[in-house]
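Residue numbers (this note's numbering): 15 to 143. For every residue, glycine included, the Cβ atom is placed at its ideal position computed from N, Cα and C. Since the model is a prediction, treat every value here as computed from it, not as a measurement.
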């Protein structure tokens, strides 16, 4: 039963991560093409897309939380995977995936904003000179 839960959380996390990667692919492409050359920008878009999926799945599939079903804390009975716990674990996988990707994209967009300002200032100084 724990293997089924692990597989379900993996599939759900992967699905959510792929959906978010698809939704953010265009904005990431636009930012990267503005900051770096288009050929290099496309490589970075692929890397950021891969990073979104990897970070999302690793944030959604929390193996250390699933271990409580195999090794319950001392002085406590083993946990049973009933319908309520399944819903809780699925919800935790979705939220963990979204939260991990959100933090990753926040860092990416912060650095992209800094790079954009630097490129913009460089363009302005070249236009004056």
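Beta-carbon gap between residue i and residue j smaller than 9 angstroms
| i | j | result |
| --- | --- | --- |
| residue 54 | residue 46 | yes |
| residue 75 | residue 24 | yes |
| residue 48 | residue 101 | no |
| residue 20 | residue 77 | yes |
| residue 38 | residue 95 | no |
Alpha-carbon spacing of residue i relative to residue j, whole angstroms
| i | j | result |
| --- | --- | --- |
| residue 104 | residue 22 | 8 angstroms |
| residue 63 | residue 16 | 30 angstroms |
| residue 18 | residue 80 | 11 angstroms |
| residue 121 | residue 89 | 42 angstroms |
| residue 59 | residue 138 | 26 angstroms |
| residue 31 | residue 44 | 20 angstroms |
| residue 84 | residue 66 | 30 angstroms |
| residue 82 | residue 98 | 16 angstroms |
| residue 51 | residue 57 | 10 angstroms |
| residue 40 | residue 142 | 32 angstroms |
| residue 61 | residue 106 | 26 angstroms |
| residue 117 | residue 135 | 27 angstroms |
Item to complete: Would you check if the segment 108-121 and the segment 71-85 touch, i.e. whether three or more CB-CB distances between them fall below 8 angstroms?
Response: Yes: at least three Cβ pairs fall under 8 angstroms.
Practice prompt. Taking only runs that begin and end inside the segment 71-137, name each unbroken alpha helix (DSSP H) of 4 or more residues, in chain order.
Written response: 77-84
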